[in-house]
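Structure, as structure tokens:
2 protein chains.
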Amino acid sequence: MKKKVLFTSLALALGAGFAVTAFAQAKPEVLVKQRQAAMTLQGKYLGPLVGILKGAPYDANVVARNAAFLDALTQMPWDGFAESTKGEKTRALPAIWAEPAKFKQAQDQLRSAVGQLVSASKGGDEGAVKAAIGNVGKACGSCHDNFREK
Amino acid sequence: MKKKVLFTSLALALGAGFAVTAFAQAKPEVLVKQRQAAMTLQGKYLGPLVGILKGAPYDANVVARNAAFLDALTQMPWDGFAESTKGEKTRALPAIWAEPAKFKQAQDQLRSAVGQLVSASKGGDEGAVKAAIGNVGKACGSCHDNFREK
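Chains as they are written, first to last, in the numbering used here: chain X, 11 to 160; chain U, 11 to 160.
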């Protein structure tokens, strides 16, 4: 009985479908929603860092927190670009599936830039942090240029 | 000139508005989109853990990765529940703003459960991990019961 209550609560928490399909391949529309969610949150936490480049006050705590969040978030979108999502109406370009090695390279470039930002955020060198923020932004932009509809 | 190219690229990456408003209060609809994105990704990474409770094969690497992601993600939704979003059409209940201390307590309960999951995921005790997954699910469900429309 206790078990049943727990699972009811979990099912509520996760929404219909999730708990049941656990390790099964998620539906294309779910994959799209999840990858877009990761992109939305990357924007949320990169935004204030770009603000610093544009003259907003430098806050080392915000930089360190956002860098750590970006380190997690930039690992999250990629499995959402499954072949099964090719038919979904999104801004994702066919090049994602036509040039998988190039798409993977773009992901790696972002991951590398974020890694450098995390490292810089642990040091005290504002200049290094700002350069790293710029490189993360460039990695985002370069991937969008090649793989996202304008 | 180089600077201009960088900022153009960043602006593309972040989408209109973000880069400009950096530290300004985001618009209510943006806050809603961001907090819903965090909830979506919490579901993505809790789902497979709940699957383990339901009999899916235990994978310590998946558990550790998802626990770490949940540790970041469960810090992300809360600033999205700003008073300015009260009028947005969502499933968020008025209790969020009427009972802020209770809402904060629910957040803390989730954060505590996720902290225990992270700790358990670093040990080798499957039973402890499973109990911790159950507690995270209960924290999600209990907050949804009180603060989210059915």
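Beta carbons: idealized from backbone N, C-alpha and C, even for Gly. What you are looking at is a predicted structure, and each value in this text was computed from that prediction instead of being measured.
Residues that residue i bridges to, as DSSP identifies them
i	result
U/R158	U/A102
Same chain only: Cβ atoms within 7 Å of residue i, ignoring 5 sequence neighbours per side
i	result
U/Y68	I62, E136
X/K96	W107
X/V128	A77, A78, D81
U/M49	P87
X/Q126	A142, N145
U/L51	L83
X/E109	none
Residue from the options with nearest C-alpha to residue i
i	options	result
U/L56	U/Q46, U/A78, U/L41	U/A78
X/K99	X/E159, X/A36, X/Q35	X/E159
U/Q115	U/K140, U/L41, U/H154	U/H154
X/K64	X/K140, X/G151, X/P110	X/K140
U/A130	U/K54, U/A47, U/A70, U/A102	U/A70
X/A123	X/G134, X/A138, X/N145	X/N145
X/V40	X/G90, X/G134, X/G133	X/G90
U/V73	U/A111, U/A138, U/V42	U/A138
X/D118	X/G133, X/S152, X/K37	X/S152
Alpha helix (DSSP H) segment containing residue i, residue limits
i	result
X/A92	X/A92 -> no alpha helix (DSSP H), and no H or E assigned at all.
U/Q50	Here the sequence assigns Thr to residue 50 of chain U, which means Gln is not the residue at that position. Where U/T50 is concerned, the enclosing alpha helix (DSSP H) stretches over 38 to 63.
X/D69	Segment: none, X/D69 is in no alpha helix (DSSP H) and carries neither H nor E.
X/P110	110 to 132
Beta-carbon proximity list for residue i, same chain, < 8 Å, skipping 5 on both sides
i	result
U/V60	I143, G147
U/E93	W107
X/Q35	A92, S94
U/F157	A102, L103, A105, I106, F113, A116
U/P58	A66, V72, N76
X/K132	A74
U/G134	A70
X/A26	A caution first: X/A26 carries a pLDDT of 41, below 50, which makes its placement in the model unreliable, though a value can still be read off. Correct list: empty, nothing qualifies.
Cutoff 6 Å; reference residue i; Cβ partners in own chain excluding five residues on either side
i	result
U/L120	T84, A149
U/R45	P87, G90
U/A66	none
U/G53	none
U/V42	T95, E98, T100
X/P38	S94, T95, E98
(request) Taking only beta carbons into account, state which residues of the stretch 38 to 53 of chain U come closer than 8 Å to chain A, listed in chain order. (result) Of the protein chains in this structure, namely X and U, none is chain A.
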